[in-house]
Amino acid sequence: MNFNKFTNSIRKKKEKHLKFEDRVKIENPIKANRILPKNKQITRKEMAEIIGCGVSSLYRELRRGKVILKDSAWKDYQSYSANVAQEDYDLQATSKGPELKIRDDHKFVEYIESKILEEKWSPDAIIMDLEKNGNPFDTEISTRTLYYYIENNMFLNVEITDLPRRGEIKKRKKRKVKPRQKVPFGKDITHRPKEAEERLETGHWEMDTVESGKKLGTACLLTLVERKHRSTLIFKLRAQTQKEVHRVLDNLEKQLGTEDFSNTFKTITVDNGTEFLDSETLEKSIKESSKPRTNIYYCHPYASYERESNEQMHTLIRRFIPKGSAISEYSKERV
Numbered sequence: 001m002n003f004n005k006f007t008n009s010i011r012k013k014k015e016k017h018l019k020f021e022d023r024v025k026i027e028n029p030i031k032a033n034r035i036l037p038k039n040k041q042i043t044r045k046e047m048a049e050i051i052g053c054g055v056s057s058l059y060r061e062l063r064r065g066k067v068i069l070k071d072s073a074w075k076d077y078q079s080y081s082a083n084v085a086q087e088d089y090d091l092q093a094t095s096k097g098p099e100l101k102i103r104d105d106h107k108f109v110e111y112i113e114s115k116i117l118e119e120k121w122s123p124d125a126i127i128m129d130l131e132k133n134g135n136p137f138d139t140e141i142s143t144r145t146l147y148y149y150i151e152n153n154m155f156l157n158v159e160i161t162d163l164p165r166r167g168e169i170k171k172r173k174k175r176k177v178k179p180r181q182k183v184p185f186g187k188d189i190t191h192r193p194k195e196a197e198e199r200l201e202t203g204h205w206e207m208d209t210v211e212s213g214k215k216l217g218t219a220c221l222l223t224l225v226e227r228k229h230r231s232t233l234i235f236k237l238r239a240q241t242q243k244e245v246h247r248v249l250d251n252l253e254k255q256l257g258t259e260d261f262s263n264t265f266k267t268i269t270v271d272n273g274t275e276f277l278d279s280e281t282l283e284k285s286i287k288e289s290s291k292p293r294t295n296i297y298y299c300h301p302y303a304s305y306e307r308e309s310n311e312q313m314h315t316l317i318r319r320f321i322p323k324g325s326a327i328s329e330y331s332k333e334r335v
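First residue of the sequence shown: 1, per full-length UniProt numbering; consecutive thereafter.
Okay, here's the thing in structure tokens:
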């Protein structure tokens, strides 16, 4: 028997086309390994077994989703993003087709050009809106594919220079920060349910604030982004305080009713900002004392990647409210 043919057939049987859910199962242990002691880290072989593929396939996938992030000391480190890997996969699948998906969909092209040139939307915001509110066009593409089309001049009227700057990172200056209390009652993000972690269902949110410029007042924005469909709520706060955050959640519970609030906001993931540290009050219902209205989970310090949806939304917000602005000057209607 030809040994090479035999081993090749075995390899082919092990090959598997990864889905987004598989990529999330790779991303989670990669992130966890950064904070786990070496003897408790998940090996590449174990990751491959979890998703049911060969080790060599896993390494190819890690290269596909490779991203460079910053640690707490502002140094680069290599990680893996399920979103980046999926978009690359979608792009490769598109490029294998016989022709461009947008070639005959003139209404879709006009829509994209109008959103970018007239309304100043980013490709991310356009695709996110189509996914959330329904796509009336024949064409369905990913954010990565849309960027690819623009970068390669496949639109008549839109060029890469029409988009906001992408990928530029300025080094942060050291500054004094408010002392942060310990979280005696808070739940760590590692205890967040699988449905929230892997974006398997709606109702799991990320919450954060957008501050005014230094010495430009206490007003800020409170943002809530739903992890699965990226639905977003934005509220203007008078100050970046626990009291103001509680007020917003209390008003939402009054408007929705406790049962609908709990079904809508199953979990909320936050950072360790002082405005979020009273988890007991954040979770406590204003109508029912017997059970919490939601479940609050806290990210690890300096781990903004654990609230990826929030970070992406803040990038979009800063297009309309530039960093250093006085948020008090923006009306609630404009927000």
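C-beta: ideal position from N, C-alpha, C; glycine also. Quick caveat: nothing in here was measured; it's all calculated off a predicted structure.
Distance, residue j Cα to residue i Cα
i: E195; j: G213; result: 36 angstroms
i: K107; j: F137; result: 7 angstroms
i: N263; j: M154; result: 43 angstroms
i: E288; j: T190; result: 27 angstroms
i: I42; j: C53; result: 15 angstroms
i: E140; j: L130; result: 9 angstroms
i: K31; j: I150; result: 31 angstroms
i: R238; j: K120; result: 28 angstroms
i: Q181; j: G273; result: Legend: pLDDT at Q181 = 43, less than 50; position of this residue unreliable, no value from coordinates given.
i: N33; j: K266; result: 27 angstroms
i: M47; j: K25; result: 8 angstroms
i: K215; j: F235; result: 21 angstroms
i: L252; j: K284; result: 13 angstroms
i: T269; j: K45; result: 30 angstroms
i: I126; j: V109; result: 12 angstroms
i: E159; j: N152; result: 9 angstroms
i: M128; j: A82; result: 16 angstroms
i: Y302; j: I116; result: 33 angstroms
i: E259; j: T161; result: 47 angstroms
i: L36; j: A219; result: 38 angstroms
i: P292; j: T281; result: 9 angstroms
i: I68; j: N28; result: 16 angstroms
i: R63; j: R23; result: 12 angstroms
i: E118; j: Y111; result: 10 angstroms
i: L18; j: D278; result: 40 angstroms
i: K173; j: H300; result: Confidence at K173 is low in this model, with a pLDDT of 46, below 50, so its placement is unreliable and no value can be given for it.
i: T315; j: S290; result: 39 angstroms
Beta-carbon proximity check, residue i vs residue j, cutoff 8 angstroms
i: K228; j: H204; result: yes
i: M313; j: V248; result: no
i: E275; j: T241; result: yes
i: N39; j: K187; result: no
i: L200; j: T209; result: no
i: E113; j: N157; result: yes
i: Y80; j: K66; result: yes
i: Y147; j: P123; result: yes
i: R230; j: S304; result: no
i: A326; j: G217; result: yes
i: Y330; j: I321; result: yes
i: S142; j: E61; result: no
i: Y297; j: R192; result: yes
i: R307; j: E206; result: yes
Extent of the continuous beta strand (DSSP E) run through residue i
i: E333; result: No beta strand (DSSP E) contains E333, which DSSP labels as neither H nor E.
i: H204; result: H204 to E211
i: I268; result: T267 to V270
Under the three-state DSSP convention, the category residue i falls into
i: V158; result: coil
i: L222; result: strand
i: S325; result: coil
i: S79; result: strand
i: K236; result: strand
i: D138; result: coil
i: R318; result: helix
i: L256; result: helix
i: D188; result: strand
i: L163; result: coil
i: I42; result: coil
i: K70; result: strand
i: Y302; result: coil
i: H229; result: coil
i: T37; result: Just to set this straight, residue 37 is Pro in the shown sequence, not Thr. Of the three classes helix, strand and coil, the one that applies to P37 here is coil, per DSSP.
i: I26; result: helix
i: T274; result: helix
Residue i, enclosing alpha helix (DSSP H) - first and last residue
i: I296; result: Premise fails: I296 lies in the beta strand (DSSP E), N295 to Y298, not in any alpha helix (DSSP H).
i: L62; result: V55 to R64
i: H17; result: Here H17 belongs to no alpha helix (DSSP H), and DSSP marks it neither H nor E.
i: P123; result: P123 to N133
i: L117; result: H106 to L117
i: D282; result: Note that residue 282 is Leu in the sequence shown, not Asp. It spans S279 to E283 - the alpha helix (DSSP H) in which L282 sits, taken as one unbroken run.
i: I150; result: T143 to E151
i: K194; result: K194 to E197
Closer than 7 angstroms: residue i CB and nearest the ligand HEM heavy atom
i: T139; result: The model depicted lacks the ligand HEM and carries no ligand whatsoever.
Proximity test, Cβ basis, 8 angstroms: residue i and chain D
i: G273; result: In the structure shown, chain D cannot be found, because there is only a single protein chain.
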